[in-house]
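K.L.:
Below is a structure I'd like to ask you about.
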Amino acid sequence: MPLPLYLLALAVFAMGTSEFMLVGLVPAIAPDLDITVGAAGTLTSAFAIGMVVGAPLMAALARHWPVRSSLLGFIIAFAAAHAVGAVTTSFPVLFATRIVAALANAGFLAVALTAAAALVPPDRKGRALAVLLSGVTVATIVGVPGGAVLGSLLGWRATFWAVAALCLPAALGVLGGIPAGRTPGAGGDGPALRSELAQLRRPRLLLVMGLGAVVNAATFASFTFLAPVVTDTAGPGELWVPVALVLFGVGSFVGVTVAGRLSDRRPDAVITVGGPLLLLGWPALAVWADRPLLLFSLVLAQGALSFALGSTLIARVLHEAGGAPTMAGSYATAALNIGAAVGPLIAATTLTTALGNRGPLWTSGLLVALALLVAFPLRAVIAARPSGEVLR
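Those letters in the sequence shown? Residues -7 to 384, by the working numbering.
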């Protein structure tokens, strides 16, 4: 894989830390700002909504901008939003900073995904996506648990400052490793924006985007509220939250890595094997959430299965959106974050029911079941190579 791909992954690590860090900070943010845990959890949805809106908007604006300048601008805006979030005492302001940060993250990821896909042959798009998403999974292994520990020791605001500081090496990596130039397909020789947007009328593209969104909704429904499960239901204490996050992150890294090798050639195998296992795992986690050993084991497994299935479906988005060279990354980003926005909102409604902290886990199981009901009869359609794309 090309070196610039790994430098993009470094920046994705900084942004991924921010996207996921609230999982470990929700219990601390709620009392500090005098809001409920469910309300604090909506900060994750705010970020995801900003990503959904921002991905196509920022990608369209950046179509004719130099790649390096676009990426640097998005990183600077991202850092500034976190600095404001670190000092505010107002929940609405914090909510707004999450949207601004998400818009910057969306722009960065949309450009980065498109650039990453253009750096490799068509039959390696899945592997390129795996490298890029490894920045997210390493964030769940190192950045998010580290942020949770930092938040426990110094307060949740310190974690926001730490993310802002992480943007400096990410910016230097982009500046030093990404050549000056325009996004692939931009300029006079690329397709018109209207033509790229017309790709969204293709049923197969909409299918894989929808499935990716539902699977990611299942992931975020539980991941957002994992901390209360660990501290209240399982009961080992607050300092065990980072352990659960590390296990989920390790699992997600393994899942993305393995799926990256299979998603280009055998996406149907990932769906056929990984889908049912993921479906079984969420109810099992809900039933055994009060048993720490089983809880931590299943968190590891669900991290691997969630990201294996989710990254495979998102890789299919990049394949199916080959006719939209500057917008394909935004379609993948939007699919991921529609799920990330909807999942926590649905899960939050279950916290006040008799299911309590286990409600989000049952929600994840239902969402995966919905995805598989659609995906299984259409496995051959999902796995089919887009017309004009040949295997090398």
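Glycine included, each C-beta is placed from N, C-alpha and C at the ideal position.
When DSSP labels each residue in this structure, what does proline 228 get in the three-state scheme?
P.N.:
Three-state result, proline 228: coil.
K.L.:
Can you find the residues in the same chain that come closer than 8 Å, C-beta to C-beta, to alanine 313, ignoring five residues on each side of it along the sequence?
P.N.:
Answer for alanine 313: Gln191, Leu197, Met319, Ala320, Tyr323 and Ala324, listed in chain order.
K.L.:
Run the CB neighbour count on threonine 344, radius 10 Å, all protein chains shown included, and call it buried at 16 or more, exposed below.
P.N.:
Label assigned to threonine 344: exposed.
K.L.:
Pull up the distance between the alpha-carbon of alanine 293 and that of methionine 201, whole angstroms please.
P.N.:
Going from the Cα of alanine 293 to the Cα of methionine 201 covers about 24 Å.
K.L.:
Within 10 angstroms of the Cβ of leucine 146, are there 16 or more other Cβ atoms? Answer buried if so, exposed if not.
P.N.:
Looking at its Cβ environment, which holds fewer than 16 other Cβ atoms inside 10 Å, leucine 146 is exposed.
K.L.:
For leucine 86, I'd like the list of residues in its chain whose CB is within less than 6 Å of its CB, leaving aside the five on either flank, ordered along the chain.
P.N.:
Gly77 and Thr80.
K.L.:
Does the beta-carbon of isoleucine 68 have 16 or more other beta-carbons within 10 angstroms, so that it is buried, or is it exposed?
P.N.:
Per the 10 Å Cβ criterion, exposed.
K.L.:
First and last residue of the alpha helix (DSSP H) that includes tryptophan 280?
P.N.:
Note, tryptophan 280: premise wrong, no alpha helix (DSSP H); not H, not E.
K.L.:
Return helix, strand or coil for proline 58, following the three-state DSSP convention.
P.N.:
Strand.
K.L.:
Helix, strand or coil for threonine 106, going by three-state DSSP, please let me know.
P.N.:
Looking at threonine 106 - three-state DSSP - the assignment turns out to be helix.
K.L.:
DSSP state of arginine 119, grouped into three classes?
P.N.:
Three-state DSSP puts arginine 119 in a helix.
K.L.:
Within the same chain, show all residues whose beta-carbon is closer than 7 Å to that of valine 250, passing over the 5 residues directly before and after it, in chain order.
P.N.:
These residues qualify, in order along the chain: Ala300.
K.L.:
Would you check if the region 92 to 105 and the region 46 to 66 touch, i.e. whether three or more CB-CB distances between them fall below 8 Å?
P.N.:
Yes: at least three Cβ pairs fall under 8 Å.
K.L.:
Taking the C-alpha atoms as reference points, what is the distance between alanine 296 and threonine 211?
P.N.:
In a straight line, the C-alpha of alanine 296 is about 11 Å away from that of threonine 211.
K.L.:
Is DSSP giving leucine 0 helix, strand or coil here?
P.N.:
Reduced to three states, the DSSP call for leucine 0 is helix.
K.L.:
So, using beta-carbon positions, are alanine 236 and tryptophan 354 closer together than 8 Å?
P.N.:
Against a cut-off of 8 Å, the Cβ pair of tryptophan 354 and alanine 236 comes out as no contact.
K.L.:
For the alpha helix (DSSP H) holding phenylalanine 217, just list the boundary residues, first then last.
P.N.:
Taken as a continuous stretch (DSSP letters only), phenylalanine 217 belongs to no alpha helix (DSSP H), as it is neither H nor E.
K.L.:
Report buried or exposed for serine 303, applying the criterion of at least 16 other Cβ atoms within 10 angstroms of its Cβ.
P.N.:
With 16 or more Cβ atoms within 10 Å of its Cβ, serine 303 is classed as buried.
K.L.:
If I measure Cβ to Cβ from valine 360 and keep anything under 6 Å in the same chain, skipping five residues before and after, which residues do I get?
P.N.:
Correct list, in chain order: Ala210, Leu270 and Leu271.
K.L.:
Taking its Cβ as the centre, do 16 or more other Cβ atoms sit within 10 Å of arginine 119, making it buried, or is it exposed?
P.N.:
Flag for arginine 119 reads buried.
K.L.:
Can you tell me which of Leu35, Phe217 and Ala346 puts its alpha carbon nearest to the alpha carbon of serine 82?
P.N.:
Looking at the Cα atoms, Leu35 is the closest of the given residues.
K.L.:
Ends of the alpha helix (DSSP H) at leucine 192?
P.N.:
Premise fails: leucine 192 is in no alpha helix (DSSP H) and is neither H nor E.
K.L.:
Could you compute how far the alpha carbon of threonine 225 sits from the alpha carbon of leucine 286?
P.N.:
Going by the C-alpha atoms only, they are around 13 Å apart.
K.L.:
Which residues mark the beginning and the end of the alpha helix (DSSP H) in which methionine 50 is found?
P.N.:
Here the alpha helix (DSSP H) through methionine 50 covers 29 to 53.
K.L.:
Give me, in chain order, the residues of the same chain whose beta-carbon lies closer than 7 Å to that of alanine 150; leave out the 5 immediate sequence neighbours on both sides.
P.N.:
Taken in chain order, the residues that qualify are Leu142 and Gly143.
K.L.:
To the nearest angstrom, how far is the alpha carbon of serine 289 from that of phenylalanine 12?
P.N.:
Those two C-alpha atoms are separated by around 20 Å.
K.L.:
Note down the Cα distance separating proline 259 from methionine 7, rounded to an integer number of angstroms.
P.N.:
Each residue's alpha carbon lies about 27 Å from the other.
K.L.:
Check whether the Cβ atoms of histidine 74 and valine 155 lie closer than 8 Å to each other.
P.N.:
Cβ distance < 8 Å, so histidine 74 and valine 155 count as in contact.
K.L.:
Which of the three DSSP states, helix, strand or coil, is assigned to valine 112?
P.N.:
Residue state, collapsed to three classes: coil.
K.L.:
What's the gap between the Cα of proline 58 and the Cα of alanine 163?
P.N.:
So the two alpha carbons sit approximately 15 Å from each other.
K.L.:
Is the region 46 to 57 in contact with the region 16 to 27, if contact means three or more CB pairs nearer than 8 Å?
P.N.:
Short answer: they don't touch.
K.L.:
Leaving aside the five residues before and after threonine 159 along the sequence, list all residues of the same chain whose C-beta is less than 7 Å from its C-beta, in chain order.
P.N.:
Per the sequence presented here, residue 159 reads as cysteine, with threonine not at that position. Cβ within range, chain order: Ala6, Ile67, Phe70 and Ala71.
K.L.:
Just tell me which of Ala140, Ala40, Ala205 and Gly135 has its CA closest to the CA of leucine 17.
P.N.:
It is Ala140.
K.L.:
In angstroms with no decimal places, state the Cα-to-Cα distance between phenylalanine 100 and glycine 351.
P.N.:
Rounded to the nearest angstrom, the two C-alpha atoms are 33 Å apart.
K.L.:
Give, in chain order, every unbroken run of the alpha helix (DSSP H) that is at least 4 residues long and sits entirely within the region 234 to 320.
P.N.:
Whole alpha helix (DSSP H) segments, 4+ residues: 259 to 279 and 284 to 312.
K.L.:
Could you give the distance in angstroms between the alpha-carbon of glycine 204 and the alpha-carbon of alanine 307?
P.N.:
Spanning the two alpha carbons is a distance of roughly 9 Å.
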